[in-house]
Amino acid sequence: MALSLTKKSDAAAVTVPPWHPNIRNASILPDTKVVRTAFFVNGFAIVLTVSLAMYLGIQEWKLLEVDKQINYWQKRIDADTKESAQDVALYQLFKAQEAKTNEVDNFIHSRPVVSEMLLRLGAITPKKIAFDSLDFREGSVSIKATIKGAPDRAAGDASGYEKLIKNDKELGPLFSEVNLLSMVTNQTSGRLQIEILCLYKKGVRKA
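This note's numbering applies: residue 69 is where the sequence shown begins, and numbers increase by one.
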């Protein structure tokens, strides 16, 4: 006897439930992706690590180059500083020696020669005036002399002799002052005795 198809379909529909609960645990199921997620994570981590290592390496290399440059220039500075200090010391020594040389040169050329002064005094001194003494000191010349003639006229001669020395073209520039210090009448001879003090200008000394 043939079975009814309608009845079999109804029976199958009754035996298969219309739904069932999903009891799968996705965390323990195998990853069925073609490219797994862990590959990207590990690849990114590797790239990041390599990049960071390269960056740090480059920075370290730059620091080494900077240190080399600093050491190089520091050596140059130290060498130049030493040479500069030596040059400064030599320059200071040169200046000191130059100052001494100039001082000696000025001293030699500025001091008058005694013999020349004596000749010049003898040439400009009137015949009525006779030298008693000439005292050449470090900063001055003292002239002591006796004037012939009456004391009243001799006083004028003494004043004129003072001006003569002061205005002389050769002796005048040597002295800053020419002063008639004293006029005294000698009681024995009755003649006037005078003393004239000539002060050298600054820097001028007798030979």
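Every residue, glycine too, gets a C-beta built ideally from N, C-alpha and C.
For residue i: DSSP bridge partner residues
i    : result
M251 : I262
L267 : S208 and E245
Simplified DSSP assignment, three categories, for residue i
i    : result
D256 : Residue identity check: residue 256 is Thr in the sequence provided, not Asp. Looking at T256 - three-state DSSP - the assignment turns out to be coil, as it is neither helix nor strand.
E238 : coil
Buried/exposed call for residue i, threshold 16 Cβ in 10 Å
i    : result
V118 : exposed
V134 : exposed
Y268 : buried
V102 : The pLDDT assigned to V102 is 49, lower than 50, so where the model puts this residue is not dependable; a value taken from the coordinates is nonetheless given after this. Answer is exposed; the Cβ neighbour count stays below 16.
I64  : For the chain, the structure presents residues 69 to 275; residue 64 sits outside this window and is missing.
I330 : The first residue shown for the chain is 69 and the last is 275, placing residue 330 beyond what the model contains.
Y140 : exposed
F112 : exposed
I114 : exposed
A213 : buried
E151 : exposed
Which runs of the beta strand (DSSP E), 3 residues or longer, sit entirely within the region 159-235? 197-204 and 208-215
Given 8 angstroms as the limit, is there contact between the region 215-231 and the region 255-262, that is, 3 or more CB pairs closer than that? yes
Segment contact, 8 angstroms Cβ cut-off, at least three pairs: the region 181-197 with the region 154-169: no
Should the region 187-204 be regarded as contacting the region 156-165, the criterion being three or more beta carbon pairs within less than 8 angstroms? no
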